[in-house]
Amino acid sequence: MSILSSSSPSNVYLGSPQVDKGFPTNCTKIQEADRKHQLQSYLMDLDGIDLVEDEEDRLFTQLSVDTVYASYAAAQNRVRQYTQLLMLLKREEELWAQRVEKARYVLPEYKSRWLPDS
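According to our numbering, the residues represented by the sequence shown are 34 to 151, in order.
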């Protein structure tokens, strides 16, 4: 039986390498990488994402950065407002503490149910 009359397609050409189907060749890896790249490009096209930066991308980036700064400024403002509220509540607590002290002098033997046992 000659090599040319063999039924195996891998032996049709003299000197053709035997390929084990369990291990991918470099050509297969390149084809898979190309398919992945094409799929990514296709999905990016579906999402409306361009690979090349344009004026809209720059504007979007600037607006995103401005949003971060505005959120930071708003957070600072909230902290300032909460600090002022805390100061008002502390002041009110001190006024009520003074009133409690004055009330103790009115009835020194009276124990309120609101005061902790000491």
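Glycine included, each C-beta is placed from N, C-alpha and C at the ideal position.
Being a predicted model, the structure only gives us computed values, none of them experimental.
Check	Outcome
DSSP state of W147, grouped into three classes?	coil
Mapping the DSSP letters down to three states, classify T61 as helix, strand or coil.	helix
Which same chain residues, not among the five before or five after Q114, have their C-beta less than 7 Å away from its C-beta?	none
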